[in-house]
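Here's the structure, in C-alpha cells; my notes come after.
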C-alpha cells in the first residue's frame, strides 16, 4: 500500500513533510470546559453511550497529528460491584472504545470482546496500576475510559498520553506521569511519531517513559528489527518522550493556572466583603 | 466465581527474601530456563512441550480451501488456543481471562505476524486452491510461563509438520498420500522463540528489612531507589507474585520479532538492553536444541524425509 510513497526522501523529509526526528503537532484539551462545539456533541454521545450517571472527574483530549483520543476518568469512587473492591487499594478499570468511523487499519466495527481492544485496555491498566497511588484509595474504583476518535498511527501512544492527562485532570494522586511515543526505523534512519503509512512499512516500537526517573514502563514492538538496531531506536524514543512530557507539562500548567485564577476571581470578592464586614464590626 | 487463592504471606516472604539473595525456589540461577522437553506424537505436526510442570500440546492439520478473494496467492494459518479448566482450576470454560487474551494475542504476533511461515508457498492453484493450516494449542497444565511453552510448541509443530505432495494438471488437483510420495515441509523463514522475564522490584533499604512493603503485590513509589530483579522463565508462584513481565520474542539470527512489556515495574534503558542481549544468547541455545530434537525424531521414524 505504502510502496508508492517515499518514507524518507533524499532531502531528509518524510511523506508528510516532517524531518526525521520531528514529532507531529500535538493538541491537548484538558477538562470538559472546552468552548468548541464538537466537545459538546461528544459529551452528549458519551452520556448516551456510557451508563455513568455523572460527568467524568477528569477528561483529556489529545491529538498527535491525525490520531485523536479522548480519555475520561471517573473516580476514585465507591466500587460499583462489591466483589471488585480491594481492601487495601483502589481497583482500576480500563475500557477502550474505538469509534466506528475512526478508520485506520481496519474500519470494521470492533465489538466489546475484540481481542485487540482488550489487549490495549490491559496494557493501559497495567501501565497505570503501579503509577497511581492506589494505596490512598482503599475499597474504591477508578474507571479510565479511552475513546479513539481517529487513527493515523500511534494509537497506543495517544491512548496512554490521554489517560495520563485525564488522571492528572481528575486529581488522582500519581507517583509520576507516563509519557508514550512511537519510533521506527527506515533502513538506518530512526523516525519518530509514525503515521499509519510509516507504521505499515517500518519496524516500529512504542515506549512509555516515566519522565521523573527516566525509566521505561511500557514497551511494545510487533515487527522484526535486528537487535543491533534496536538499541538506537529505543534510546531516541526515550529522548523524544521528554519533549512530549514538556508539552504535556505546559498544558497542565496552563490548566492549573486558569483553575487557580478562576478560584481567585471568585474568592477575593467573597474574602473582601468578609474582611470589610469585619472592619465594619470593629468600627 | 471464587477468586483464585493467592499465595500465603509466608510463601510470599520466603520467595521475596530468596530473590533478594538471587536465589530461586527450584534452585535455578535467575537467568536459566527450565530444561524444555519436546515430545513428538506419531502424527506429523503433533508436539508436546514440557517445561517443568507446564505442559502445552500443539497440533497442526491442513486442508484445502478456496483462498480469500483479496489474497488469491496466499494460504491461511489459523491459531486456535483456549485455556480450559484442564490447565488449572483458575480458568473457567467459555470465559476469556486476561491471561488468555495476552497469550492468544502474543501467539498470533509471534507465530503469524512475524512472517515465520511463507504463506505464498501454501498456494496450490492461484485463486482456486490453497492450504489452510490450523494450529491448535491445548494447555494441559499451568506450571507458570505458559506463553513461552506455547510459542515453543507452536513453532516446533510448524517445523515438524509435513504437508502432502500435490500434483496439478490443468484444473485437476491430486493429493498424494504420504505412503506414495514423501510429504513436504512448510517453507519457514525463521524460528521465533519467546522468552518471558518476571520482574521484581524491591526498595533498597539501608537499615535491615522492612517487611510490610515487601510483600505487597504491587510495587509502588518513585522506583528511583528500587532494586530490580529479572527472572527468566518464571514458575507459577513467581508468575503470580511478579510485579511485571517482559516478553521478548526473537530468532537465532538476533532479529527481535515481538517485545512486550505492559506496564508493571519500570526498567532502566540499560537494563532492557541487557535483557534483550541475554535473550539473544538463549535463543541461539534453544535453536540448537530444537534442531537436535527434530533430527532425533526423524532418525527414529524411519520415514523418507525431505
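Chains as they are written, first to last, in full-length UniProt numbering: chain A, 1 to 283; chain B, 1 to 306.
Even for Gly, the Cβ is constructed at its ideal location relative to N, Cα and C.
Distance, residue j Cα to residue i Cα
{"i": "residue 207 (chain B)", "j": "residue 90 (chain A)", "result": "The pLDDT assigned to residue 207 (chain B) is 42, lower than 50, so where the model puts this residue is not dependable, and the model offers no usable value."}
{"i": "residue 15 (chain A)", "j": "residue 7 (chain A)", "result": "6 Å"}
{"i": "residue 160 (chain B)", "j": "residue 166 (chain B)", "result": "19 Å"}
{"i": "residue 184 (chain A)", "j": "residue 8 (chain B)", "result": "44 Å"}
{"i": "residue 63 (chain B)", "j": "residue 179 (chain B)", "result": "18 Å"}
{"i": "residue 163 (chain A)", "j": "residue 109 (chain B)", "result": "25 Å"}
{"i": "residue 20 (chain B)", "j": "residue 164 (chain B)", "result": "54 Å"}
{"i": "residue 293 (chain B)", "j": "residue 246 (chain B)", "result": "27 Å"}
{"i": "residue 131 (chain A)", "j": "residue 188 (chain A)", "result": "34 Å"}
{"i": "residue 296 (chain B)", "j": "residue 265 (chain B)", "result": "41 Å"}
{"i": "residue 157 (chain B)", "j": "residue 277 (chain B)", "result": "26 Å"}
{"i": "residue 87 (chain B)", "j": "residue 140 (chain B)", "result": "5 Å"}
{"i": "residue 269 (chain B)", "j": "residue 79 (chain A)", "result": "37 Å"}
{"i": "residue 282 (chain B)", "j": "residue 132 (chain B)", "result": "32 Å"}
{"i": "residue 107 (chain B)", "j": "residue 146 (chain A)", "result": "26 Å"}
Secondary structure of residue i, DSSP reduced to three states
{"i": "residue 266 (chain B)", "result": "coil"}
{"i": "residue 206 (chain A)", "result": "strand"}
{"i": "residue 9 (chain A)", "result": "coil"}
{"i": "residue 83 (chain B)", "result": "coil"}
{"i": "residue 36 (chain B)", "result": "strand"}
{"i": "residue 128 (chain A)", "result": "helix"}
{"i": "residue 6 (chain B)", "result": "coil"}
{"i": "residue 172 (chain A)", "result": "coil"}
{"i": "residue 98 (chain A)", "result": "strand"}
{"i": "residue 108 (chain B)", "result": "helix"}
{"i": "residue 141 (chain A)", "result": "strand"}
{"i": "residue 246 (chain B)", "result": "strand"}
{"i": "residue 76 (chain B)", "result": "strand"}
{"i": "residue 197 (chain A)", "result": "helix"}
{"i": "residue 191 (chain B)", "result": "coil"}
{"i": "residue 239 (chain B)", "result": "helix"}
{"i": "residue 160 (chain B)", "result": "helix"}
{"i": "residue 152 (chain A)", "result": "coil"}
Cutoff 8 Å: residue i Cβ touching any chain B Cβ
{"i": "residue 210 (chain A)", "result": "yes"}
{"i": "residue 227 (chain A)", "result": "yes"}
{"i": "residue 61 (chain A)", "result": "no"}
{"i": "residue 22 (chain A)", "result": "no"}
{"i": "residue 202 (chain A)", "result": "no"}
{"i": "residue 76 (chain A)", "result": "no"}
{"i": "residue 263 (chain A)", "result": "no"}
{"i": "residue 216 (chain A)", "result": "yes"}
{"i": "residue 251 (chain A)", "result": "no"}
{"i": "residue 90 (chain A)", "result": "no"}
{"i": "residue 224 (chain A)", "result": "yes"}
Beta carbon proximity, residue i to chain A, threshold 8 Å
{"i": "residue 233 (chain B)", "result": "no"}
{"i": "residue 263 (chain B)", "result": "yes"}
{"i": "residue 118 (chain B)", "result": "no"}
{"i": "residue 109 (chain B)", "result": "yes"}
{"i": "residue 148 (chain B)", "result": "no"}
{"i": "residue 16 (chain B)", "result": "no"}
Pair within 8 Å by beta-carbon distance, residue i and residue j
{"i": "residue 171 (chain B)", "j": "residue 120 (chain B)", "result": "no"}
{"i": "residue 169 (chain A)", "j": "residue 60 (chain A)", "result": "yes"}
{"i": "residue 140 (chain A)", "j": "residue 75 (chain A)", "result": "yes"}
{"i": "residue 196 (chain B)", "j": "residue 145 (chain B)", "result": "yes"}
{"i": "residue 175 (chain A)", "j": "residue 133 (chain A)", "result": "yes"}
{"i": "residue 158 (chain A)", "j": "residue 62 (chain A)", "result": "yes"}
{"i": "residue 23 (chain A)", "j": "residue 252 (chain A)", "result": "no"}
{"i": "residue 202 (chain A)", "j": "residue 216 (chain A)", "result": "no"}
{"i": "residue 151 (chain A)", "j": "residue 223 (chain A)", "result": "no"}
{"i": "residue 137 (chain B)", "j": "residue 190 (chain B)", "result": "no"}
{"i": "residue 182 (chain A)", "j": "residue 149 (chain A)", "result": "no"}
{"i": "residue 72 (chain B)", "j": "residue 127 (chain B)", "result": "yes"}
{"i": "residue 144 (chain A)", "j": "residue 97 (chain A)", "result": "no"}
{"i": "residue 312 (chain B)", "j": "residue 30 (chain B)", "result": "Look at the range of chain B in this structure, 1 to 306, and you will see that residue 312 (chain B) is not part of it."}
{"i": "residue 59 (chain B)", "j": "residue 45 (chain B)", "result": "yes"}
{"i": "residue 225 (chain A)", "j": "residue 256 (chain B)", "result": "yes"}
Given residue i as reference, the closest of the options once Cα atoms are compared
{"i": "residue 274 (chain B)", "options": "B:228, B:234, B:76, B:299", "result": "B:228"}
{"i": "residue 126 (chain A)", "options": "B:282, B:260, B:270", "result": "B:260"}
{"i": "residue 317 (chain B)", "options": "B:130, B:76, B:30", "result": "A query on residue 317 (chain B) cannot be resolved here, the shown segment of chain B reaching from 1 to 306 and no further."}
{"i": "residue 389 (chain B)", "options": "B:264, B:266, B:249, B:265", "result": "This structure cannot settle anything about residue 389 (chain B), because the visible part of chain B is limited to 1 through 306."}
{"i": "residue 151 (chain B)", "options": "B:125, B:128, B:51, B:193", "result": "B:193"}
{"i": "residue 262 (chain B)", "options": "B:154, B:68, B:199, B:48", "result": "B:199"}
{"i": "residue 155 (chain B)", "options": "B:291, B:35, B:280", "result": "B:291"}
{"i": "residue 227 (chain A)", "options": "B:254, B:287, B:143", "result": "B:254"}
{"i": "residue 208 (chain A)", "options": "A:188, A:235, A:186", "result": "A:235"}
{"i": "residue 177 (chain B)", "options": "B:268, B:162, B:186", "result": "B:162"}
Residue i CB to nearest heavy atom of the ligand ZN below 7 Å
{"i": "residue 193 (chain B)", "result": "For the structure depicted, the ligand ZN is absent and the ligand set is empty, with no information on it obtainable."}
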